[in-house]
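Working notes, structure below.
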Amino acid sequence: MQPTAADPSESPAPGAQTGDQGGTGQGNNTSGTPSTSASASATPGQSSAAAPAPVPASGLCPDQNISVVLYTDKPTYKTGDQPQFTIVTTNAGLTACTRDVGKAAQNVVVRTLDGTRTLWSARDCSPLQTVNNQQLQPAQQVRDNITWSGTTSSPGCNKPRVQIPVGAYQAIGKIGERESAPITFNVVAPAQEP
Numbered sequence: 001m002q003p004t005a006a007d008p009s010e011s012p013a014p015g016a017q018t019g020d021q022g023g024t025g026q027g028n029n030t031s032g033t034p035s036t037s038a039s040a041s042a043t044p045g046q047s048s049a050a051a052p053a054p055v056p057a058s059g060l061c062p063d064q065n066i067s068v069v070l071y072t073d074k075p076t077y078k079t080g081d082q083p084q085f086t087i088v089t090t091n092a093g094l095t096a097c098t099r100d101v102g103k104a105a106q107n108v109v110v111r112t113l114d115g116t117r118t119l120w121s122a123r124d125c126s127p128l129q130t131v132n133n134q135q136l137q138p139a140q141q142v143r144d145n146i147t148w149s150g151t152t153s154s155p156g157c158n159k160p161r162v163q164i165p166v167g168a169y170q171a172i173g174k175i176g177e178r179e180s181a182p183i184t185f186n187v188v189a190p191a192q193e194p
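Under this note's numbering, the first residue of the sequence shown is numbered 1, with each subsequent residue one higher.
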């Protein structure tokens, strides 16, 4: 089973915003060592046994040299809550390289549990285009937070936004074209007061 919540001992990116604007736009919460709790049971998206690619002369990290892992701040939310996603990008290559980890490269997508229908994308209504090129040493991680309003969205934000219903959902994180493995979370009705 995939983890759905970030380890509480990990601190969120400083200056994280709320609402659909998500994160700091800087993606600058880096660490020189990988988080063992984050990778212990998580399966980074598309991280098959393929060997890391050589870094091109441009010094940019190729997609196969990064891993992307997405976490939620808790596994279950009440209707009306604003889930916070943490997207973790790691240089899985053998040499240092540069990667844009800013809002222009990031996306979080919430789908139905079976993955057949997209309900929300971080880029739909707040398409922040901040570029944040970071030089990443091997195993170095960059974290950023994206907060979701719990409502639907559409490209260009041209349809009315509605609260998602009670149920189970999946989400993926993306940096460029590199996707995380899907994670799952639940939305439940608020407790009724007696």
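Think of the CB as a built atom: it goes at the ideal place given N, C-alpha and C, for glycine as much as any other residue.
Check                                                                                                                                                                 : Outcome
At which residues does the beta strand (DSSP E) containing residue 100 begin and terminate?                                                                           : 97-100
Can you find the residues in the same chain that come closer than 7 Å, C-beta to C-beta, to residue 34, ignoring five residues on each side of it along the sequence? : Its pLDDT being 34, under 50, residue 34 is placed unreliably by the model, and the measurement read from it follows with that caveat. The answer, listed in chain order, is 90, 139, 141.
Between residue 108 and residue 179, what straight-line distance do the alpha-carbon atoms span, to the nearest angstrom?                                             : 9 Å
Which residues does DSSP list as the beta-bridge partners of residue 133?                                                                                             : 100
With DSSP as the reference, label residue 53 as helix, strand or coil.                                                                                                : coil
Just to confirm before moving on: does the CB-CB distance between residue 105 and residue 175 stay below 7 Å?                                                         : yes
Check the C-beta distance from residue 153 over to residue 143 and give it rounded, since I have them as a contact under 8 Å.                                         : Actually they do not touch by this definition, with Cβ atoms about 23 Å apart.
Would you mind stating whether residue 125 and residue 99 have Cβ atoms separated by less than 7 Å?                                                                   : no
Of the choices 68, 165, 130, 110, whose alpha-carbon is the least far from that of residue 190?                                                                       : 165
Would you mind sorting residue 103 into buried or exposed? The rule is 16 or more other CB atoms within 10 Å of its CB.                                               : buried
Where are the beta strand (DSSP E) runs, 3 residues long or more, that stay fully inside the stretch 113-182, in chain order?                                         : 118-121, 133-136, 141-147, 167-175
What is the rounded straight-line gap between the Cα of residue 82 and the Cα of residue 66?                                                                          : 28 Å
Identify the continuous beta strand (DSSP E) that holds residue 90 and give its terminal residues.                                                                    : 84-91
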